[in-house]
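Taking it in order: structure first as structure tokens, then the write-up.
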Amino acid sequence: EVGYVADPALATTVFLASRLAKPILAEGPAGVGKTALATALARAGGARLLRLQCYEGLDEARTLYEWKYGKQLLYVQLLRDAVGRELAGAASLADAVTRLGAADDAFFSEAFLEPRPLLEAVRATDPVVLLIDEVDRAEDELEAFFLEVLAEYQVTVPELGTFVAARPPTVVLTSNATRELSDALRRRCLFLPMGYPDAAREAAIVHHHVPDVAARLAGQLVGFVAGLRRLDLRKQPSIAETLDWARALVVLGADDLGEAVVHDTLTLLVKYEGDLEVARAAVPSLLAAR
């Protein structure tokens, strides 16, 4: 029991992904539980969660590894005399370069490697869930690189060689659909379209996470939030914001969703001034439609 309320289609996709060893591509608006799905999978399987947050300008190096340059510089300072003694016996400049190259290799070993999520997932010997979050924010070139990694579950570090996953990680990619992803990436994954939950499922989510909320109030607040989502808002209330609102109503001791308490707490659901004006104007009709 990890607290993630899944519908049958979602549960089936997760089951098939585990049996077929395929990544899941969860796509939908922000706040519908895509990232929470990866967290729930990690908790359910007793696995580590490795999260790679995508953003514009992210390059391959930052997804794979970096070198610990500070540590390398410190070791160079500490070992300066030893390197000097090694070069002192060089018979020629070419010999000195050869010896220096051997010393340089020592500074590009695993001791100085800082693995990033992709490399860490491939090297892991324990169960891991790799979350590639908001892949639609990454550039096309990086998306193609993800595709290569997911095809073979192996990555190459030029100084160290190729690492192949001993046990392929569970992979979840999320997208807010801000741009079209490639057909190749979609073919590689099991597609999981995600939208806001229906009233029954969202009420179940509220009851699970906010057990102190009365059943009648839970039904009212879920219906009100669903009405808000039908308005022309810049940002729709997320599931997490529904839960925050439910907790706030419990703290306030509300047992019924009246107009006064809604106006006093509306900012827990609506986060832009323009949206707030639209929502406040719609409060009477939304409450009447409960």
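With the numbering used here applied, the sequence shown covers 183 to 472. Cβ coordinates follow ideal geometry from the N, Cα and C atoms, glycine included.
Closer than 7 Å: residue i CB and nearest the ligand FMN heavy atom
i	result
Leu355	No copy of the ligand FMN appears in this structure; indeed no ligand is present at all.
Anticipated Cβ contact below 8 Å, residue i with residue j, distance rounded
i	j	result
Ala229	Pro309	4 Å
Leu234	Leu374	Not really, about 18 Å apart at Cβ, beyond 8 Å.
Asp457	Leu425	In fact, because the Cβ distance is near 19 Å, the residues do not count as touching under 8 Å.
Leu367	Leu329	5 Å
Met376	Gly215	7 Å
Val354	Ala220	4 Å
Leu468	Asp437	Actually they are not in contact, since the Cβ atoms of Leu468 and Asp437 sit about 19 Å apart, beyond 8 Å.
Per-residue DSSP class, three states only, for residue i
i	result
Ala464	helix
Gln336	strand
Gly343	strand
Arg233	strand
Val392	coil
Asp315	strand
Glu362	coil
Leu324	helix
Ala203	coil
Ala471	coil
Glu238	coil
Leu355	strand
Pro375	strand
Ala382	helix
Leu415	coil
Ala348	coil
Val331	helix
Gln187	According to the sequence as given, residue 187 is Val; it is not Gln. If DSSP states are grouped into helix, strand and coil, Val187 belongs with coil.
Proximity below 8 Å, CB of residue i to CB of residue j
i	j	result
Val488	Leu431	Not covered by the structure: residue 488. The range shown for the chain is 183 to 472.
Asp318	Thr217	no
Arg305	Phe345	yes
Arg411	Tyr454	no
Ala224	Val311	yes
Arg462	Leu448	yes
Ser357	Glu325	no
Val404	Ala422	no
Ala303	Cys236	no
Pro211	Gln402	no
Leu301	Tyr247	yes
Leu413	Val460	yes
Pro299	Leu342	no
His390	Val187	yes
Leu313	Thr195	no
Val392	Ala347	no
Arg383	Asp189	yes
Endpoints, the alpha helix (DSSP H) within which residue i is located
i	result
Phe406	Ala397 to Arg411
Ala365	Correcting the residue type first, residue 365 is Asp in the shown sequence and not Ala. Asp365 to Arg370 is the extent of the alpha helix (DSSP H) around Asp365.
Leu246	Glu242 to Leu246
Leu219	Lys216 to Gly227
Delimiting residues of the beta strand (DSSP E) encompassing residue i
i	result
Pro299	Run containing Pro299: none in the beta strand (DSSP E); it sits in the alpha helix (DSSP H), Pro299 to Arg305.
CB contact below 8 Å: residue i versus chain B
i	result
Glu321	The chain inventory of the structure shown lacks chain B, comprising one protein chain alone.
Those runs of the alpha helix (DSSP H) which lie wholly inside the region 428-462 and span at least 4 residues: 441-447
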